[in-house]
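Encoded as structure tokens, the structure appears first; notes follow it.
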Ligand code: M6R
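Numbering (my numbering), first residue to last: 217 to 824.
The following block contains the structure:
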């Protein structure tokens with residue numbers, strides 16, 4: 217949801233800012249802009265509708281400067297056009313602001329500012345902040361920004377520069393992520409570390425309400441009460457290459473292909489098969505409370521929630537306490553009974569999804585034990601939970617989440633043994649799950665080396681406008697995930713259902729124009745799935761089955777079959793989702809879609 221980058225140091229900043237923006241483009245890509253201090257009374261600024269590439273073309277005459285800010289936008293207030301692109305300025309043109317989030321009281325503020333004589337040039341909420349800083353300014357730039365921030369409510373990650381203070385960059389956050397990278401005599405602020413790593417690997421994460429004032433080469437961070445804070449420095453470990461396409465046409469394909477490695481990385485050092493349990497160091501500090509929990513609520517959105525649904529089946533079957541999966545966005549609207557024996561697990565790749573952050577804060581307020589399953593280290597959810605587990609799969613850049621799902625399900629399987637072994641799970645059961653997990657990378661690789669049948673299927677079915685995805689048990693969430701992938705990147709209407717529900721209404725839609733993809737591996741729902749295939753076929757439907765290798769029977773019933781290797785029933789989602797990800801990817805290519813940057817979307821949704 218919008219990418220922010222700002223630089224102050226000794227180097228010419230515009231190439232660094234543009235490079236940073238390209239790395240953040242997955243966060244939003246409907247317009248982009250850049251502003252730098254060029255030694256004059258007005259800041260130099262260029263903006264464009266569209267992608268960072270267009271901005272780069274327009275920036276051929278950008279002056280040399282060592283201080284600047286840039287932005288790539290996912291529109292909330294004001295349509296995506298040049299006028300509404302950031303950075304936004306004040307009346308004099310000497311202040312520029314980039315912002316991620318929503319200023320909720322902007323209408324009231326705007327009315328007051330207009331009455332005070334300010335002229336607005338955009339339809340955004342952000343522009344009020346530039347005018348507020350101008351209104352509060354009487355020579356002390358940091359004081360003006362602080363005063364302005366006290367007047368706004370809502371969520372923000374911001375960076376601000378002032379033409380009269382070319383050696384100062386100010387950044388602050390409430391609810392939207394912001395990281396400060398600390399190099400040698402240079403600083404970079406950004407919405408996420410991918411834009412920082414090319415410059416420095418040492419970072420500090422700003423907390424809500426903190427404000428970073430970088431003057432020359434000195435960084436001061438203070439809180440809402442103006443108290444100076446001493447912050448922990450973090451070192452970013454992952455390699456720069458992991459945030460690059462490395463010869464793949466798209467990040468999505470690269471990330472699909474990385475999935476065997478993602479399983480390995482998620483389980484590395486965590487499998488203790490002999491003891492039949494997983495070692496999850498991040499949960500050790502809350503081990504005693506975990507022994508006594510009587511209910512687990514899992515929250516997440518989109519793919520993260522789908523992974524949580526697989527976890528629900530796993531944990532209920534093996535760890536023996538009730539598990540409920542809730543859309544994070546609905547958690548606060550329910551009056552569900554919660555006790556100090558209830559734990560909440562927030563699943564999020566980015567760790568910044570606003571709906572999930574809010575559910576987490578609500579749970580904390582109610583005294584629940586809060587756990588996180590997060591990929592991005594140092595992200596809001598990672599910092600705000602009592603304990604948690606990291607995915608350790610490197611950055612996921614494509615908007616469509618793939619390797620994060622596989623990793624989340626893998627870790628939920630580890631958590632199942634961890635929590636199950638605290639209760640009645642036998643060592644043998646724990647060991648069998650962990651041994652099967654250890655085999656998964658090779659099995660996933662096998663699917664990924666046989667993509668031709670999936671490509672062909674995608675070609676044959678690329679022009680259909682409606683699909684059903686069916687699954688039961690552990691594979692019901694996979695049906696939801698497969699449908700989500702197709703909608704999201706190929707813009708094809710797809711509905712995920714459990715097979716049992718079909719005949720209660722949705723089957724009315726089946727005819728030869730609506731194919732169904734059914735997840736039918738050998739498992740406890742296999743016979744039921746065969747019945748569902750028959751029910752679809754007699755109604756003129758076309759059926760594509762995802763089945764276990766060696767199953768010859770299913771080919772006589774379904775129109776098309778894609779095979780996956782055999783594994784434990786509870787782990788099949790980790791394999792069965794792969795053909796569905798690839799199918800969506802190849803259909804999107806056939807339809808000429810922009811796979812990595814689907815329309816209307818952004819990678820991390822940091823507004824409610
Ligand atoms: O970063 P998160 O895992 O919290 O993101 C949650 C969803 O926004 C995300 O999974 C979304 O549904 C994906 N684009 C789906 O591919």
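Ideal Cβ positions, reconstructed from N, Cα and C, are used throughout, including at glycine.
Asked: State the start and end residues of the unbroken beta strand (DSSP E) segment that holds residue 777.; Found: 776-780
Asked: Check whether the Cβ atoms of residue 660 and residue 476 sit closer than 9 Å, and answer yes or no.; Found: yes
Asked: Sort 758, 721 and 558 by Cα distance to residue 682 and report the nearest one.; Found: 758
Asked: Compare the Cα-Cα distances from residue 368 to each of 377, 337, 409 and 317 and report the closest residue.; Found: 317
Asked: Going along the chain, which unbroken runs of the beta strand (DSSP E) with 3 or more residues stay wholly within the region 726-788?; Found: 732-735, 759-764 and 776-780
Asked: Look at the alpha carbon of residue 243 and the alpha carbon of residue 755, and state the distance between them as a whole number of angstroms.; Found: 43 Å
Asked: What residues match up with residue 714 in a beta bridge as DSSP calls it?; Found: 687
Asked: Using the beta-carbon count (16 or more within 10 Å), is residue 553 buried or exposed?; Found: exposed
Asked: Quick check on the DSSP output: the alpha helix (DSSP H) that includes residue 719 runs from which residue to which?; Found: Note, residue 719: premise wrong, no alpha helix (DSSP H); not H, not E.
Asked: So, with DSSP's three-state summary, where would you put residue 813?; Found: coil
Asked: Comparing the CB of residue 567 with every heavy atom of the ligand M6R, is any distance shorter than 8 Å?; Found: yes
Asked: Can we say the region 306-325 touches the region 343-354, given the rule of at least three CB pairs closer than 8 Å?; Found: yes
Asked: Which residues bound the beta strand (DSSP E) around residue 372?; Found: 370-378
Asked: Please state if the CB of residue 406 and the CB of residue 221 are separated by a distance shorter than 9 Å.; Found: yes
Asked: Consider the Cβ of residue 420: report whether some Cβ of chain C lies at a distance smaller than 9 Å.; Found: Going by chain labels, chain C is absent from the structure shown, which holds only one protein chain.
Asked: I need the straight-line Cα distance from residue 460 to residue 467, nearest angstrom please.; Found: 8 Å
Asked: Any chance the CB of residue 628 is under 8 Å from a heavy atom of the ligand M6R?; Found: no
Asked: At the level of alpha carbons, what is the spacing between residue 592 and residue 620?; Found: 11 Å
Asked: Throw me the rounded Cβ distance for the residue 696 and residue 794 pair, which I believe falls under 8 Å.; Found: At roughly 16 Å, the Cβ-Cβ gap does not stay under 8 Å, so residue 696 and residue 794 are not in contact.
Asked: What residue from 246, 252, 539 and 531 has the CA that sits closest to residue 233's CA?; Found: 252
Asked: Beta carbon of residue 492, beta carbon of residue 645: below 9 Å?; Found: yes
Asked: Please report how far the alpha carbon of residue 750 lies from the alpha carbon of residue 522, in whole angstroms.; Found: 27 Å
Asked: Hey, could you find the ends of the beta strand (DSSP E) residue 389 is sitting in?; Found: 384-390
Asked: What's the call for residue 226, buried or exposed, on a 16-neighbour Cβ count within 10 Å?; Found: exposed
Asked: Closer than 8 Å to a non-hydrogen atom of the ligand ATP - does that hold for the CB of residue 704?; Found: Within the structure as shown, the ligand ATP is missing, the only ligands being the ligand M6R.
Asked: If distances are taken between C-alpha atoms only, which option among 264, 299 and 679 comes closest to residue 806?; Found: 679
Asked: Counting only runs that start and end within the region 281-367, where is the alpha helix (DSSP H) found for 4 or more residues in a row?; Found: 322-331, 343-352 and 357-367
Asked: Can you tell me whether residue 779 is buried or exposed, with buried defined as 16 or more other CB within 10 angstroms of its CB?; Found: buried
Asked: Less than 9 Å between the beta carbons of residue 814 and residue 711, yes or no?; Found: no
Asked: Just verifying my parser: in three-state terms, what is the DSSP assignment at residue 601?; Found: coil
Asked: Is residue 519 a contact residue of the ligand M6R, with contact defined as CB to any heavy atom under 8 Å?; Found: yes
Asked: For residue 430, which option in 709, 401 and 340 has the closest C-alpha, if you only look at C-alpha atoms?; Found: 401
Asked: Please indicate yes or no: does the CB of residue 819 lie closer than 8 Å to some heavy atom of the ligand M6R?; Found: yes
Asked: For residue 427, list the residues DSSP reports as bridge partners.; Found: 388 and 438
Asked: Taking the C-alpha atoms as reference points, what is the distance between residue 293 and residue 509?; Found: 43 Å
Asked: Got a sec, what are the start and stop residues for the alpha helix (DSSP H) residue 643 sits in?; Found: 643-664
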